[in-house]
Structure formats: C-alpha cells, structure tokens
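Here the protein sequences come in this chain order: Z and F. With my numbering as the guide, the letters of the first sequence map in order to residues 27 to 468. With my numbering as the guide, the letters of the second sequence map in order to residues 22 to 282. No residue lacks a Cβ here, since even glycine has one placed at the ideal position from N, Cα and C. Have a look at the structure below, then the notes.
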Amino acid sequence: MEYLPNLLFAVALVLGIGFFTRNVKKLSRNIKLGKDVEVSDNKPQRWRNMAKIALGQTKMVVRPVAGIMHILVYVGFIIINIEVLEIILDGLLGTHRLFSALGGLYDFLIGSFENLALLVIVAVVVFWIRRNIIRIQRFIKPEMKGWPKKDGNMILYIEFVLMTLFLTMNAADSQLQQLGADHYAQAGAFPVSQFIMPLFEGFSESSLILVERTAWWLHILGILAFLNYLYYSKHLHILLAFPNTYYGKTKPQGQFNNLASVTKEVKLMMDPNADPFAAPAEGDTGGEPEKFGASDVMDLNWVQLLNAYTCTECGRCTSECPANQTGKKLSPRKIMMDTRDRLEEVGKNMDANKGEFVPDGKQLLDDYISREELWACTTCNACVQACPVSIDPLSIIVEMRRYLVMEQSAAPTELNNMMSNIENNGAPWPYNQMDRLNWVNE
Amino acid sequence: MSEQLTVKTMQEFMAEGKQPEILFWVGSAGSYDDRAKKISRAFVKLLNKANVDFAVLGPEESSTGDVAKRAGNEFLFQMQAMMNIELLNGYEIKRIVTCDPHSFNTLKNEYPELGGNYEVLHHTQFLKELLDNGRLTIAGNEYKGKRITFHDPCYLGRANSVFEAPREVLSRTNAELVEMKRHKKTALCCGAGGAQMFKEPEKGDMDINVLRTKDALETQPNIIATGCPYCNTMMTDGIKAHEKEESVSVMDVAELLANSI
C-alpha cells in the first residue's frame, strides 16, 4: 500500500504520454498525406528563422500588447516546466521537493516560478478580456464562431487553473513547513503564494496536507490532460511553431514556385524535335497524368499541411488582408482552418477504413473553401508577412486557383479574356503586338 | 508629347554588332496603357538625359506571364516565360530594368529556374544608381515644399524588400516625404495584384483602392507617388472616389524625377 501513490502516478504518466504519442503519430501521418516538397536548402537560414521567429518571438511583438503578454505566458510556460520535472520525479520516487537539495538556488527557482505564474495569470486574464469583453475584431470574425471560440477560451481557463493550482499547492506547502509537518522540510521561497496562505489560517495539518496533495495531483494531471488536449486544439502551435518556422519560405515572398510538371509539358511543346505521337518510354507505367493545382488536401504539399496544424487562429493574417478589410469573404485564417478541418476529416476517414482513404464525395474546394474566397485574393503577401509563425496561406490559394484554371477552366470570364489576350497578342489587353513601341512617338 | 525620345531596339543593336548597357523591359502596361505610357516616356527621358545606352525589345517583347501565373495559369506563364527567355538569352541580355514591379519580381525570381538568369532592377533602383554616380543631377526645385507620400507596391516592397531606392530618389527632389501609417512591410495593397486589375472585385463593402487612398490622403499629401503602373491606376481612381483629383495627383517616381532635372 505504501507505494500506491507512486504506482498511480506512474500509470497516469504512462497513459498521458501514451495517448500523446498516439496523437503525434496521427498528426504525422496526416501531414505526410501532403506531397513532397524540397526544403533541404538554406539550412543556416532556416535555423536562424526558427531561433528568431519561434524562439525569439520577433514577429509577435509587432503588436506590442498581445506580443508582450504572449512572451510572459511563453516564458512562464517553458520555465515552469523545470518544476514539472521535479513534480514527475517526486511522483515516481515518492520524494517531496527533490530539488530542494539545491538550497539557495532552489529558493530562487521556486520564487521565480511563482512570479512567472502570477504574470501568466495576469496575461491570461488580459487575453480573456480582449476576447470576451473588448471583443477585438479579429477574434469575432465569422470563422471564429462555435468551437474555435470555445477552444480559445478553454485554453485560457486551463492555464488559469493550472497556475492557481501551482500557487495553492505552494501556499499549503509553505504553511505545512511552518507547522513543521513531517515530509515538509523548509524549502523554497514563496513570494506570491504567501498571499494565499492567510486563507489556510487555522487549518489542521491533515486538512493542509489534503489541500496540498489535491492541488499537487490536480496540477500534474491537468498538465497531462492539457498535453492531450493539444491535438484537438489550435494550441498545437506551442510545439509546431518550431518546425513550421524552420520549414517556412526562405525565398523572396513574391517568388511563387514553378510547377515542374508544367515545365516538362511546356518544354515538350516547344521542342521542334518532339514527337507528339511517340509511344511512352519503356518502363513508363502510363499512370494517370499528374493533377495540376489542388482541389483537396492531398494535393497540397506537407509543409502546407503542417502550416494548417500550426495555425493558432490569432487572425493577424485576416486583419491585414486587404480583401477582408473591405468586406470580402476571403479570410486567410479561414483558409488555414478549413485546410486543417478537411485534413482531420480525411484522417478520421482513414481511421475508420483501416488506414485507407475511402472517397467521401467531398473535397477542400467548394465543400470548405469557396471560389469567391479564392478569387478575392490580391496575392499581396500581407497575410504571410503578418503570421508570427511563418504560415503561408497565399500558397494554398494559388495552388487552388491553379486547379480551377488548369483542370477546370473555371476562371472568371474577365480573367479568361485577359488570358486569351496574352495567348493571342502577348499582352493582357487586345492590342496588336506590332504596336508595342507606339508609346515612343505619342 | 513633342519631346523627341531616342529609343533603340535590340534588333538595331544586333545589326550594329553592339550590346546595350541595359535592356529596358517596358511591360504590357508601359506599352499600351495610356497613363503608363507616360511613365515609360518619363523614364526614357531620364535615360536619354543620363546618356544611358539602352535597348528595348519593341514588338518582340511579350507579356512576362506574371499576371497569368497569379491567376493560376501556370501553363500560360511558363509558355510566355520560355519564349521570352529564348529571346533574351539569344540577345545575351545581362541587365534588365523595368518600371513594373510585377515584371521585376517574375523576371528576377521566377525566370532563373526556367533558364533566364539576369540582373534585374526596378527603375527606382537604377535611377538611384544614376543619381549616385552623378550621371543624373537635380536641377529644378519643382517639388520643394511639396508633400509627397510613397505607396509601396507589394511586389517591390514586401515581396522583394526594396523600400529605400524609391524613397531615396524622391528625397533628392527636395520634396517633403511623409509616410502613411501603414508603409514598407505593412503597406496595404492597392487592390490590383493577383490579377484583380483585370476583373471586377468580389462582393464587399468597399473597394481596396479607396481604402488605400484613404491611408494616403490622411498624410495630407500634394502628391501620391508610386512605382507601379497598376498602383498608379488604382490610386488615381481612388482619389477620384474621394473627390480629391483637383488637389492631389498620383505620379510615378520616374515622372517626379524627370520634372526635377
């Protein structure tokens, strides 16, 4: 019986981490549904981007209020995790405050954690007010109704509760230390939780132990639960921001990729020696010709799918989008959310069909993203510039336009006119190419 | 316009067995659009003044395919690109200057992979170069005391990080440069990009160019400067929508400089 808590703790830990591993596997399988893309170039630049943008949060502080508050939560989150390591070891070994042997350093650490915990609580409250009281525009756009809104608040509640549990635990602990209770040796400094201590005035030792143990258990179980909530939440960005900024675009923003499949065909068309009736080369399986552009998530590349899972729906892209600012339906954030939702749907379809995707009569185009949204984009890159974690919604929009134009011939009429002008006379307007130099003498 | 411009084509250079210093890529707007043609003329006036030995492709030039690419027609883009590259490589072109940020972007970034490797400059970069090495000098004080605000074209600024060259050239005209609240990396698009120039906008409650012109008008400018023929059209329409065409004009950096030498 003596080892029951240790055992229970080990079981909780294994379950928590086990489920998390299962989710990570699913995540990675879904992302790998995307096409391959060349990202092995510019390694030093990529590491720098990750260090600056993800670790250094440089793009967060473009908006100072949200940026600084976010850094508080982020730093708090990372540093308080040192404490989680102690909690895990204590839980497994049955020790109490294992690291207290560090002496003065330990006091400093616990003191810092407490201060950070308080700052996290302040930031979380500010975030909640911004979302629910001030109702900042970008948080109340149409795509934020329902689950996305609940998800956003849920994360704030969980963080608030976890920090409160941490401080409560410390307050009870420090009270127990003062009472000289067994197992509760003098350790740690409690600059914040000392203000909670008065609440426990007059509590018996056993009630204090009950409070301390309950807070301790709920705190660590809460962390394990939160870890498993990530996969279902926009909050995945705390992990994926790092690979996402690494794999983000390193070329000038204006440079779009040239479709290699098109290059092959165009070269063939322009080669006077090419035989249009040639039999396929030996070994050519004569499989289906490659599809141009994207109508579903499998047509996108895996970095674009990683982008979709990384998006934390902050809406900075949408608030910078000229089309969205002028009341058009296009919202770059919705492009990312739709891509993730569809990808999840495809993933669930595969789960239900022994890992094989069974066509469900749906696709990303039309069922999630409308043509009206796609054609409203000015390709101005404001969304790409605004994203604090290097997501590229524009690349998805262009890939879907490619499908509409090259596979469906479904461009708006005016654009079809423009394109036939280019085909006929080398300009988007119907002017004679021979008149190209008339401007000199006008 | 009465002023006589000297413009030679690549064919003429070839016939003389010579290579020009630069190729001026005029672009479709610069060749056919009435407003943009004036920008081409102003730029050539500057090139003539600075004695730049330049060539144009003339009737051999064809759309870069940029707008087709942004619209999703990768086929048409690559057809155009490969035809242009064949021509440019045949003439052994090394250095290209253009007044159109869209041509600038695609020639500079998207042509190399298809076999077209050139040094590509936006005209404001080249004009800055001419001013820096003294081939052009400011003579007039046409814009002294005038407030000018520069609208960053997306494909020059955000897309290729060219922010200083146009501002540098404008500051040489002795005008007072004023910045809009959103400028450089966060500049708002004029609304023409991504092939929007050639279609009606989707349903909304405002046109993008009207919103962007509002940004510009907030700086109380005499002149809105641009470095893109499409931005020029959009901003010109924008000041009409705000009924400010009497007091505010929209001009290209090249035109402002041409009036100052």
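Option nearest residue i by Cα separation, candidates the options
| i | options | result |
| --- | --- | --- |
| I361(Z) | S219(Z), F226(Z), G280(Z) and I422(Z) | I422(Z) |
| N68(Z) | W328(Z), A334(Z) and T276(Z) | T276(Z) |
| R427(Z) | A180(F), D74(F), K90(F) and V231(F) | K90(F) |
| I417(Z) | P358(Z), T405(Z) and K374(Z) | P358(Z) |
| S287(Z) | Y258(Z), G319(Z) and H261(Z) | G319(Z) |
| T365(Z) | G381(Z), S321(Z) and K380(Z) | S321(Z) |
| V431(Z) | K59(F), N94(F), R56(F) and D55(F) | N94(F) |
| L247(Z) | P438(Z), K78(Z), L59(Z) and E185(Z) | E185(Z) |
| D121(F) | M100(F), I106(F) and F147(F) | F147(F) |
| H172(F) | V183(F), K165(F), A92(F) and Y112(F) | V183(F) |
| Q411(Z) | F139(Z), G274(Z), L332(Z) and V150(Z) | G274(Z) |
| A436(Z) | D392(Z), D325(Z) and D297(Z) | D392(Z) |
| L128(Z) | E169(Z), G172(Z) and A215(Z) | A215(Z) |
| Q101(F) | E468(Z), G137(Z) and A453(Z) | A453(Z) |
| I222(Z) | W243(Z), N32(Z), S200(Z) and R74(Z) | S200(Z) |
| E42(F) | E140(F), N126(F) and G48(F) | E140(F) |
Residue-level contact to chain F via CB, residue i, 8 Å cutoff
| i | result |
| --- | --- |
| T405(Z) | yes |
| Y457(Z) | yes |
| V292(Z) | yes |
| M296(Z) | yes |
| A320(Z) | no |
| E169(Z) | no |
| P438(Z) | yes |
| P269(Z) | no |
| V384(Z) | no |
| N327(Z) | no |
Residue-chain proximity (residue i, chain Z), Cβ-Cβ < 8 Å
| i | result |
| --- | --- |
| K90(F) | yes |
| A36(F) | no |
| R62(F) | yes |
| S83(F) | yes |
| R156(F) | no |
| L238(F) | no |
| C252(F) | no |
| C249(F) | no |
| S124(F) | no |
| P41(F) | no |
| Y164(F) | no |
| M22(F) | Its pLDDT being 47, under 50, M22(F) is placed unreliably by the model, and the measurement read from it follows with that caveat. Taking Cβ atoms only, chain Z reaches closer than 8 Å to M22(F), which makes this a yes. |
| Q146(F) | no |
| N94(F) | yes |
| F45(F) | no |
| N130(F) | yes |
Residue i: first and last residue of the uninterrupted alpha helix (DSSP H) it sits in
| i | result |
| --- | --- |
| E473(Z) | Since the first residue shown for chain Z is 27 and the last is 468, residue 473(Z) is missing from the structure and cannot be characterised. |
| H143(F) | No alpha helix (DSSP H) contains H143(F), which is instead part of the beta strand (DSSP E) from E140 to H143. |
| F103(Z) | P90 to L119 |
| S61(F) | D55 to K70 |
| R179(F) | From DSSP, R179(F) is part of no alpha helix (DSSP H); its letter is neither H nor E. |
| E425(Z) | P419 to R428 |
| A408(Z) | A408 to A412 |
| S270(F) | Taken as a continuous stretch (DSSP letters only), S270(F) belongs to no alpha helix (DSSP H), being part of the beta strand (DSSP E) at S270 to D273. |
| A36(Z) | L30 to I57 |
Bounding residues of the beta strand (DSSP E) (the contiguous stretch that carries residue i)
| i | result |
| --- | --- |
| H263(Z) | Element bounds for H263(Z): not the beta strand (DSSP E) but the alpha helix (DSSP H), H263 to Y273. |
| I43(F) | I43 to W46 |
| R157(Z) | Here R157(Z) belongs to no beta strand (DSSP E); instead the alpha helix (DSSP H) covers G130 to N158. |
| I245(F) | I244 to T247 |
| V88(F) | Run containing V88(F): none in the beta strand (DSSP E); it sits in the alpha helix (DSSP H), D87 to A92. |
8 Å Cβ cutoff, residue i in contact with chain C
| i | result |
| --- | --- |
| L135(F) | The displayed structure is made up of protein chains Z and F, and chain C is not among them. |
Residue i: CB within 7 Å of a non-hydrogen atom of the ligand SAH
| i | result |
| --- | --- |
| A216(F) | Summarising the ligand content, the structure contains no ligands, and the ligand SAH is consequently not present. |
Can we say the stretch 56-70 of chain F touches the stretch 22-31 of chain F, given the rule of at least three CB pairs closer than 8 Å?
yes
Does the contact criterion of 3 or more C-beta pairs under 8 Å hold for the stretch 434-445 of chain Z versus the stretch 28-41 of chain F?
no
At a CB distance below 9 Å, what residues from the stretch 224-235 of chain F approach chain Z? Give them in sequence order.
K224, G225, D226, M227, D228, I229, V231, L232 and R233
Could you list the residues in the stretch 415-433 of chain Z with a C-beta less than 7 Å from some C-beta on chain F, going in chain order?
V424, R427, R428, L430, V431 and M432
Under 7 Å, CB to CB, which of the residues in the stretch 386-402 of chain Z have a partner in chain F?
E398, W401 and A402
Per the contact definition of three or more C-beta pairs closer than 8 Å, is the stretch 234-248 of chain F in contact with the stretch 201-211 of chain F?
yes
Taking one C-beta from the stretch 204-218 of chain F and one from the stretch 340-360 of chain Z each time, how about it: are there three or more such pairs within less than 8 Å?
yes
For the stretch 100-122 of chain F, enumerate the residues whose C-beta is nearer than 9 Å to any C-beta of chain Z, in chain order.
M100, Q101, A102, M103, M104, E107 and P122
Please determine if the stretch 210-229 of chain Z and the stretch 152-171 of chain Z are in contact, where contact requires at least 3 C-beta pairs separated by less than 8 Å.
no
Contacting positions in the stretch 441-452 of chain Z - beta carbon closer than 9 Å to chain F:
L441, N443, M444, M445, N447, I448, E449, N451 and G452
For the stretch 169-196 of chain F, which residues have a beta carbon sitting closer than 8 Å to at least one beta carbon of chain Z?
C175, Y176, R179, A180, N181 and S182
Just checking, does the stretch 135-144 of chain Z make contact with the stretch 96-107 of chain Z on the three C-beta pairs under 8 Å criterion?
yes
Taking 8 Å as the threshold, find out whether the stretch 185-198 of chain F comes into contact with the stretch 162-177 of chain F through three or more Cβ pairs.
yes
Inspect the CB distances between the stretch 369-376 of chain Z and the stretch 399-411 of chain Z and report whether three or more fall short of 8 Å.
no
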